[in-house]
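> Here's a structure for you.
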Amino acid sequence: MMESNADRANEQPVFAAELFPYRSLGRKGFKVLLLLTGAVCLMYGMFFVATGAWPIGFFFGLDFLLLYGAFWLNYRAGRAREEVTVSRSDISVRKFAPSGRMVEHHFNPFWTRFFVRRHQEIGILSMHITGEGKGTDIGSFLNPDDRESFAKAFKGALATVKQRI
8 MMESNADRAN
18 EQPVFAAELF
28 PYRSLGRKGF
38 KVLLLLTGAV
48 CLMYGMFFVA
58 TGAWPIGFFF
68 GLDFLLLYGA
78 FWLNYRAGRA
88 REEVTVSRSD
98 ISVRKFAPSG
108 RMVEHHFNPF
118 WTRFFVRRHQ
128 EIGILSMHIT
138 GEGKGTDIGS
148 FLNPDDRESF
158 AKAFKGALAT
168 VKQRI
């Protein structure tokens with residue numbers, strides 16, 4: 008069966024976004040921070056071991072390992088992402104966990120509602136899509152400025168799709 012031009016136009020995305028968590032410290036900065044922190048911990052740790060206070064030297068090593076572990080967990084959480092696409096026939100939200108597991112949500116754009124919860128001073132606190140008895144949140148890991156720009160663009164795309172009947 009041949010696909011008509013109208014069917015292809017309905018499937019063409021009007022809006023597509025890939026959302027990533029923001030990380031203020033890049034990989035190079037992370038390496039520099041670990042190098043400097045490791046050097047300081049090693050220097051003070053060796054001083055305390057040399058003066059006979061070896062338990063304190065042990066805690067300097069433990070501090071360094073805890074710092075490394077915290078950053079490792081932070082960067083692992085940074086692998087989460089969301090892909091949002093809007094076409095005339097479908098709204099697709101694909102959520103990728105840091106482990107790589109993916110969950111996909113589909114909504115009919117004509118039955119979909121986009122809810123934004125705001126705080127007067129902070130801005131957008133959360134964004135949700137609901138429709139046909141199901142729902143999901145979007146961009147929970149975004150910073151306030153990115154939430155604002157995404158919400159504006161997504162609302163515009165949803166309005167454009169609903170307008171073209």
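To get this note's numbering, take the position in the sequence shown, counting from 1, and add 7. Think of the CB as a built atom: it goes at the ideal place given N, C-alpha and C, for glycine as much as any other residue. Small disclaimer: the values here were computed from a predicted structure and weren't measured.
With distances taken between CB atoms, is the gap from I145 to I98 smaller than 8 Å?
Reading the sequence shown from its first residue, position 138 is the one you call residue 145. Reading the sequence shown from its first residue, position 91 is the one you call residue 98. It is not a contact, given that the beta carbons lie outside the stated cut-off.
> Provide the residue(s) that pair with A24 in DSSP beta bridges, ordered along the chain.
The residue you call residue 24 lines up with position 17 of the sequence shown. In the DSSP output, where bridge partners are listed per residue, A24 has V91.
> Within 10 angstroms of the Cβ of M134, are there 16 or more other Cβ atoms? Answer buried if so, exposed if not.
Taking the sequence shown and counting its residues from 1, one reaches residue 134 at position 127. The residue in question, M134, is buried, as its Cβ has 16 or more Cβ neighbours within 10 Å.
> Please state whether DSSP places L132 in a helix, a strand or coil.
For the purposes of this step, residue 132 is taken as residue 125 along the sequence shown, with counting starting at 1. Here L132 sits in strand by DSSP.
> Return yes when the Cβ of A104 is within less than 8 Å of the Cβ of A87, no when it is not.
As a working mapping, residue 87 is identified with position 80 in the sequence shown. As a working mapping, residue 104 is identified with position 97 in the sequence shown. Contact flag set, yes.
> DSSP three-state call for M8: helix, strand or coil?
Within the sequence shown, the letter at position 1 stands for residue 8. Unreliable placement is indicated for M8, whose pLDDT of 47 sits below 50; no coordinate value is reported for it.
> Can you tell me whether E52 is buried or exposed? The criterion is at least 16 other CB atoms within 10 Å of its CB, across all chains shown.
The residue labelled residue 52 in the question sits at position 45 within the sequence shown. Here residue 52 is Gly; the residue named in the question, Glu, does not match the sequence. Counting Cβ neighbours within 10 Å, G52 comes out buried, since at least 16 surround it.
> Hey, could you find the ends of the alpha helix (DSSP H) D144 is sitting in?
Here residue 144 refers to the residue found at position 137 when the sequence shown is read from its first residue. Per DSSP, D144 belongs to no alpha helix (DSSP H); it is in the beta strand (DSSP E), 141-145.
> Cα separation between M50 and T44?
Within the sequence shown, numbered from 1, the residue matching residue 50 stands at position 43. Within the sequence shown, numbered from 1, the residue matching residue 44 stands at position 37. So the alpha carbons of these two residues sit roughly 10 Å apart.
> From which residue to which residue does the alpha helix (DSSP H) around S156 run?
Taking the first residue of the sequence shown as position 1, residue 156 is located at position 149. From DSSP, the alpha helix (DSSP H) with S156 extends over 151-170.
> Does the stretch 62-82 come close enough to the stretch 116-136 to have 3 or more Cβ pairs within less than 8 Å?
In short, these stretches do not touch, since the Cβ pair count stays below three.
> Between L32 and L149, is the Cβ-Cβ spacing less than 8 Å?
For the purposes of this step, residue 32 is taken as residue 25 along the sequence shown, with counting starting at 1. For the purposes of this step, residue 149 is taken as residue 142 along the sequence shown, with counting starting at 1. For L32 and L149, no; Cβs fall outside 8 Å.
> Just reading off the beta strand (DSSP E) that F121 is part of, what are its end residues?
Translated into the one-based positions of the sequence shown, residue 121 becomes position 114. Segment 120-126, the beta strand (DSSP E) holding F121.
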